[in-house]
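There are 2 protein chains.
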Amino acid sequence: MIYLDNAATTRRKPPQVIDAVVNAMTTMGNAARGAHSSSLEASRALYDARCKLAKLLGCPQPDHVIFTANSTEALNIAINGTLNPGDHVISTDLEHNSVLRPLYRLEEAGTISLDFVPADRLGNIDYAGFERLIRPETRAIVCTHGSNLTGTLVDLKRVGEICRRNSLLFIVDASQTAGAVPVHMEEMGVDILCFTGHKGLMGPQGTGGLCVRPGVEIRPWKVGGSGVHSYDRSQPQDYPTRLEAGTLNSHGIMGLSAALDFIQEVGVEEIARHEAALTRRFYDGVSRIDGVTVYGDFSQPERGAIVTLNIRDYDSAEMSDALSQAYDIATRPGAHCAPRMHQALGTVDQGAVRFSFAWYNTQEEVDAAIQAVAELAQR
Amino acid sequence: MIYLDNAATTRRKPPQVIDAVVNAMTTMGNAARGAHSSSLEASRALYDARCKLAKLLGCPQPDHVIFTANSTEALNIAINGTLNPGDHVISTDLEHNSVLRPLYRLEEAGTISLDFVPADRLGNIDYAGFERLIRPETRAIVCTHGSNLTGTLVDLKRVGEICRRNSLLFIVDASQTAGAVPVHMEEMGVDILCFTGHKGLMGPQGTGGLCVRPGVEIRPWKVGGSGVHSYDRSQPQDYPTRLEAGTLNSHGIMGLSAALDFIQEVGVEEIARHEAALTRRFYDGVSRIDGVTVYGDFSQPERGAIVTLNIRDYDSAEMSDALSQAYDIATRPGAHCAPRMHQALGTVDQGAVRFSFAWYNTQEEVDAAIQAVAELAQR
Chain A
961 MIYLDNAATT RRKPPQVIDA VVNAMTTMGN AARGAHSSSL EASRALYDAR
1011 CKLAKLLGCP QPDHVIFTAN STEALNIAIN GTLNPGDHVI STDLEHNSVL
1061 RPLYRLEEAG TISLDFVPAD RLGNIDYAGF ERLIRPETRA IVCTHGSNLT
1111 GTLVDLKRVG EICRRNSLLF IVDASQTAGA VPVHMEEMGV DILCFTGHKG
1161 LMGPQGTGGL CVRPGVEIRP WKVGGSGVHS YDRSQPQDYP TRLEAGTLNS
1211 HGIMGLSAAL DFIQEVGVEE IARHEAALTR RFYDGVSRID GVTVYGDFSQ
1261 PERGAIVTLN IRDYDSAEMS DALSQAYDIA TRPGAHCAPR MHQALGTVDQ
1311 GAVRFSFAWY NTQEEVDAAI QAVAELAQR
Chain B
961 MIYLDNAATT RRKPPQVIDA VVNAMTTMGN AARGAHSSSL EASRALYDAR
1011 CKLAKLLGCP QPDHVIFTAN STEALNIAIN GTLNPGDHVI STDLEHNSVL
1061 RPLYRLEEAG TISLDFVPAD RLGNIDYAGF ERLIRPETRA IVCTHGSNLT
1111 GTLVDLKRVG EICRRNSLLF IVDASQTAGA VPVHMEEMGV DILCFTGHKG
1161 LMGPQGTGGL CVRPGVEIRP WKVGGSGVHS YDRSQPQDYP TRLEAGTLNS
1211 HGIMGLSAAL DFIQEVGVEE IARHEAALTR RFYDGVSRID GVTVYGDFSQ
1261 PERGAIVTLN IRDYDSAEMS DALSQAYDIA TRPGAHCAPR MHQALGTVDQ
1311 GAVRFSFAWY NTQEEVDAAI QAVAELAQR
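Here the protein sequences come in this chain order: A and B.
Converting from the first sequence to the working numbering requires adding 960 to each position, the first position being numbered 1.
Converting from the second sequence to the working numbering requires adding 960 to each position, the first position being numbered 1.
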């Protein structure tokens, strides 16, 4: 199979990721739940994973790296744990439902009011749009680092500066970028950075988390067993325990930790360069095929490793099926959980077929995919 | 190492569990996030795991088996997603903080009022206590199936009958029992059964969930990407999607699924018989050692595979350390996230050392642990 659905999950993981999960599943106790060696080693290994994430993502303190089941949980924690009645929030048309639905829920409950910086037909936003929408009650900007539909990157540093200037909380969804392009939350002025472990970070599913700038207060989300302060009626206030009730997915996190070693070894810049080269090659190949429409702006110097396209009025689900059945190429069709972006691009009815690349993809795979698109376009 | 901390996590898993996780990590796409074969296979495999859980735990519909990161998340979803302002809730002194803290939080917010059926010095509850506490506003009983401190089992069928008679919602924490003793939510009259995957079910950490009786409405907890109905502003209403935003821990769930095959093969009754024999053997051995106090009621015909004890006024953390360092026996000391039960047993200051047994433990390990306790008691 030529797997080009890496924006959904990177199917191929570095071999040491699998070894680390196997090792954890055969030796590990429950972290912070005992004093015997297998429990203590589990606690140390988890802390080690926090340190690696803090380093990779530019989080000032390892104990402010919180583990969650996925990026969606991290975003729900960040959004529900910081916003208060009366707050106004600014987001963008680029967002995934993991940002939109928590915000819509608070809006529909009458808790917050909400505005969106619009995307144009190329999927770009006008950064001045953020400042135009700011009003006295504005409390936060919640925005993605990279569109999961077009690969468009948001200039976080620029948005971070707007947040600093206006004393706004800056919550970022780095689901599509962590591990695949450089991210440094401190330098970018990000207050809460939400990430998933199983995409660009090449770890197991069931991992993810949020990095919290020291000083940012987030109310507990799920509460329960903490292994410490058992007699308190409420969740302990210290990070990371404040946001981590119950047993962590330590087996998965050990895989993520090994993936972080791999990424440090190869270098995020090198990964970004490789993925950008594949993306450009694919874009150059498909964009000159008669009948193909590629979405997004490919004149931008930096972007995610995603090319989304349609062939004339070919239904996107049918095209993705044909790619799977006739060419064994895995892509993703349909709506991609990004409804506002589809509205901006004009692809609500047709959906679109997304090709997304990762470290393990090759030029040969890209060329085979270009060839397949060319053949389908000739039908 | 002699691992006797299975109530925290079963460290040894059936070999096919590890094989299944490795297989998932090398072949699986993202379930419900594409139409290519690796994504479709992931969806089918997840449904298969739901079917196995529904069968094992007596849940009438596989699509009412919801996956979560752990039992704590399941309990937070159940408690926060069903209770309404003004509700009165009855729980017990046996509960873990994963039940207590979500309830305390709602009580402190003024949302619910709360009463507890007390445990006596043996850790037993008087079932008539539930009926004595019922008032017109009582909406739910939330209770554990088995104490994580003493192994005391609650007669769920009896409590379920009280709930039916009084039209109360019955939420059960089966963290200590699922997989280790027979559980049948329908026969026991349970409305929502919360479980973890990494204890008695012998699956990976990062797995767990809740089984919901058809007709029971639970409000969404985290909301976000669902892979379906992408243009709706709110989370889709159908189970399991209603409660499962974001990418699931499919790698872990595949391990859990293999563990469920193992459990079906061996039989829960056989597992329960084996664990009960080890528990009884250990109890008989330690209870006759001079200076040892065992907590809980061992005259009950059925109980969890837990024996918790102290030696005179020996600090429980020091005793657990000594067991680990001098005998390489893993146990758990301290407060066990069960503050009300420690109050009932009178072990708040000293804590207690918990020995907990699982399928892979042997008579020889039990005998070595008895010998170790005897030696420590002679010091």
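A virtual CB, placed ideally from N, CA and C, is assigned to each residue, including glycine.
On a predicted model such as this, the values are computed, not experimentally measured, just so you know.
Check	Outcome
Count the other C-beta atoms from every protein chain shown that fall within 10 angstroms of the C-beta of A967 of chain A, then say buried if there are 16 or more, exposed otherwise.	buried
Three or more C-beta pairs closer than 8 Å, one from the stretch 1207-1220 of chain B and one from the stretch 1161-1172 of chain B: is that the case here?	yes
Do the stretch 1140-1149 of chain B and the stretch 1184-1194 of chain A make contact, defined as three or more Cβ pairs closer than 8 Å?	no
Does the distance from the C-beta atom of A1332 of chain A to that of Y1287 of chain A stay below 8 Å?	yes
Does any residue of chain A have a CB that is nearer than 8 Å to the CB of I1094 of chain B?	no
Report yes if the CB atom of V1267 of chain B is closer than 8 Å to the CB atom of V1254 of chain B, and no otherwise.	yes
Is it true that the stretch 1057-1077 of chain A meets the stretch 1086-1103 of chain A, where meeting means three or more beta-carbon pairs spaced less than 8 Å apart?	yes
Quick one: what's got a C-beta closer than 6 Å to N1036 of chain A's C-beta in the same chain, skipping five residues either side?	P1062
Can you give me the Cβ contacts of K1182 of chain B inside the same chain, cut-off strictly under 6 Å, excluding the 5 residues immediately before and after it?	A1205
Pull up the distance between the alpha-carbon of D979 of chain A and that of G1215 of chain A, whole angstroms please.	8 Å
Output, in chain order, the set of chain A residues within a Cβ distance shorter than 7 Å of V1228 of chain B.	Near V1228 of chain B there are no residues of chain A at all, since even the closest Cβ is about 22 Å away, more than 7 Å.
Which ranges would you report for the alpha helix (DSSP H) in the stretch 1144-1170 of chain B if only whole runs of at least 4 residues count?	1145-1148
Any beta carbon of chain D sitting closer than 8 Å to that of V1326 of chain B?	Considering every chain present, this structure includes no chain D. Its protein chains are A and B.
Taking its Cβ as the centre, do 16 or more other Cβ atoms sit within 10 Å of A1318 of chain B, making it buried, or is it exposed?	buried
Going by C-alpha to C-alpha distance, which of B:S998, B:K1012, B:D965, B:R1004 sits closest to E1225 of chain B?	B:K1012
In the structure shown, what three-state DSSP assignment does T969 of chain A receive?	coil
According to the Cβ coordinates, are R904 of chain B and P1180 of chain B closer than 8 Å?	Because chain B is modelled from 961 through 1339, residue 904 of chain B falls outside the range shown and cannot be assessed.
If I measure Cβ to Cβ from M1148 of chain A and keep anything under 6 Å in the same chain, skipping five residues before and after, which residues do I get?	L1116, K1117, G1120
Let me know if A1069 of chain B comes out buried or exposed under the rule of 16 or more other beta-carbons within 10 Å of its beta-carbon.	exposed
Taking 8 Å as the CB-CB limit, is L1220 of chain B close to chain A?	no
Which residues share a DSSP beta bridge with T1291 of chain B?	Per DSSP, none; premise fails for T1291 of chain B.
In chain order, what residues of the same chain have a beta carbon less than 7 Å from the beta carbon of T1310 of chain A, not counting five sequence neighbours either side?	A small fix is needed here, since residue 1310 of chain A is Gln in this sequence, not Thr. Only N1270, D1273, D1275, S1276 meet the Cβ criterion.
Using a Cβ-Cβ distance cut-off of 8 Å, determine whether T1207 of chain A contacts chain B.	yes
When you compare only the Cα positions, how much space is there between F1222 of chain B and E1097 of chain B?	44 Å
Which chain B residues sit within Cβ distance under 7 Å of T969 of chain A?	G989, N990, T1207
Does the CB of C1171 of chain A have a neighbour CB from chain B at under 8 Å?	no
Does chain B have any CB closer than 8 Å to the CB of R1061 of chain A?	yes
Near A1329 of chain A, what residues of its chain come up, given a Cβ to Cβ distance below 7 Å and the 5 sequence neighbours on each side ignored?	I962, L964, F1242, I1289, F1315
Which residue comes first and which comes last in the beta strand (DSSP E) that contains T1042 of chain B?	Taken as a continuous stretch (DSSP letters only), T1042 of chain B belongs to no beta strand (DSSP E), being part of the alpha helix (DSSP H) at 1031-1042.
Based on the DSSP secondary-structure assignment, which residues constitute the bridge partners of Y1255 of chain A?	A:T1268
Can you tell which of A:R1125, A:N1030, A:E1235, A:V1326 has the C-alpha that lies nearest to the C-alpha of G1111 of chain A?	A:E1235
Have a look at the DSSP bridge pairing and note the partners of G1106 of chain A.	A:L1113
In chain order, what residues of the same chain lie with their CB nearer than 8 Å to the CB of E1091 of chain A, ignoring the 5 residues before and after it?	I1122, N1126
Would E1055 of chain B pass as an interface residue toward chain A - the criterion being a Cβ-Cβ separation below 8 Å?	no
To the nearest angstrom, how far is it from the Cα of L1054 of chain A to the Cα of D1086 of chain B?	57 Å
Below 8 Å on C-beta distance, what does G1212 of chain B contact in chain A?	P1164, Q1165, G1166, N1209, H1211, G1212
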